[in-house]
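Below: one structure, written as structure tokens.
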Amino acid sequence: MKSPSRRKFLKMVGVGGAALAAGAVGGSAAASDGLKINNDNVAMLYDATRCVGCKACMTTCKRVNLDSGSLAYEQAEFDPDGLWDAPADLSGDTRTLIKLHKESPTKWAYVKHSCMHCQKPSCVSVCPVSAMTRDPESGIVTYDKGICIGCRYCQIACAFNIPRFQWDKALPQIVKCDMCKSTELPRIGTTGCASVCPVDAIHFGKRGDLLAEAQRRLDAEPEKYIQYIYGAQELGGLNHLTIAGFPFEKLGLPIVGDQPPAEFSEKIQHTIYKGFIAPVALYGSLCYVAIRNMKKAEQHNGTEKKGDDA
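Residue numbers (the numbering used here): 10 to 319.
Take a look at the structure:
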């Protein structure tokens, strides 16, 4: 007869394995709909040559996401009174960041860092429980903190190092831009950052229209811009497009190629990990070893007890 502790252990493993398997089956196919780029998705165009570094986009991002938990101000070292929000990088409290690239006193540029909303997002592909999902109609990649198990695979998979984990929170979550999907977008039809930019450095709209606008700017002032639209093809297409006057890698935008890693990770999900078969087999083996060890321990304790009684 199984002991109560062993029965409890088996029940826990069985319920946990079933829940994880269900999550894996539900989330594995959500990232990619093939290699075709959808230019009807919503997108943002960031023009680094226009940005003046006012950081109104950063302030508005925190203000409009009051219920997200990503609000805490990050005090600057030069500000002992805590009057300024001055994050050094994206974090569990900051979804949007403006950074300065400076080569000389007269040669510099700002750059905006936030979720790229990949058309073939690796974060969605690797999430075992569908906490990261991509809306195929809008193209927006969103996060559900109620489903997340805290594995942080999305952080590892992202080529741009965008998702951040709230290490200092009692109930942590992953933090990233969601294009104001539940706040400004349904209310005013654009993102908070785009709505406040005073120089139109952040432009929101349909991806195809933004590609045309970006190309128009490149053609109109060829001496001002690098003749390339970052995000047009990168990793199968991004919905956060960037044009600039500096090489993109200098601005912190990596050279990643056109092929989306999500295609590779989904092949794994759909073969050896399909239906969570491989992990369940592993957990089954571990369960067998644990039960065997527990049985040996019970027999050993029984032998010792008989010896003490004698």
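Every residue gets a Cβ at the ideal spot worked out from N, C-alpha and C, and that includes glycine.
Between the CA atoms of residue j and residue i - distance to the nearest angstrom
i, j, result
"L109", "M303", "59 Å"
"Y368", "H249", "Lying outside 10 to 319, the shown extent of the chain, residue 368 is not represented and no answer is given."
"E193", "W93", "24 Å"
"F213", "C66", "13 Å"
"L180", "A81", "14 Å"
"C167", "Q236", "26 Å"
"L99", "I264", "20 Å"
"G159", "V208", "39 Å"
"S131", "D228", "33 Å"
"I46", "K71", "31 Å"
"Q84", "T69", "17 Å"
"V73", "P195", "12 Å"
"A203", "A210", "8 Å"
"S123", "T115", "26 Å"
"A221", "E86", "42 Å"
Where residue i sits in the DSSP three-state scheme
i, result
"G201", "helix"
"G214", "strand"
"F174", "strand"
"G36", "Note on G36: pLDDT 42, under 50, position unreliable in the model; no value is reported."
"C63", "coil"
"A229", "helix"
"R104", "coil"
"K111", "strand"
"Q236", "coil"
"Q164", "helix"
"K185", "coil"
"M125", "coil"
"A223", "helix"
"V73", "helix"
"T192", "coil"
"K304", "helix"
CB-CB length for residue i against residue j, believed under 8 Å
i, j, result
"R226", "Y234", "7 Å"
"R301", "C186", "About 49 Å; that fails the 8 Å criterion."
"C163", "V135", "7 Å"
"S147", "V51", "5 Å"
"G201", "C189", "5 Å"
Neighbour-count burial assignment, residue i, 16 or more Cβ in a 10 Å radius
i, result
"S14", "Low local confidence applies: a pLDDT of 49 at S14 is under 50, so the model's placement there is unreliable, with the coordinate-based value given in what follows. Exposed, since its Cβ has fewer than 16 Cβ neighbours within 10 Å."
"S113", "exposed"
"P172", "buried"
"R143", "buried"
"E243", "buried"
Cβ-based neighbour list, residue i, same chain, cut-off 6 Å, excluding 5 preceding and 5 following
i, result
"G217", "N48"
"Y239", "T251, F257 and L262"
"E230", "none"
"G246", "I46 and Q128"
"G35", "Because G35 carries a pLDDT of 42, less than 50, the predicted location of this residue cannot be relied on, and no value is offered for it."
Cut-off 8 Å between Cβ atoms - residues of its own chain near residue i, not counting five sequence neighbours on either side
i, result
"D177", "G101"
Contacts around residue i, its chain only, beta-carbon distance under 7 Å, and the 5 residues preceding and following it disregarded
i, result
"K154", "Q182"
"G32", "Reliability fails at G32, whose pLDDT of 45 lies under 50, so the model's placement of it is uncertain and no value is given."
"A223", "L54, I238, L250 and I252"
"C206", "A65 and C66"
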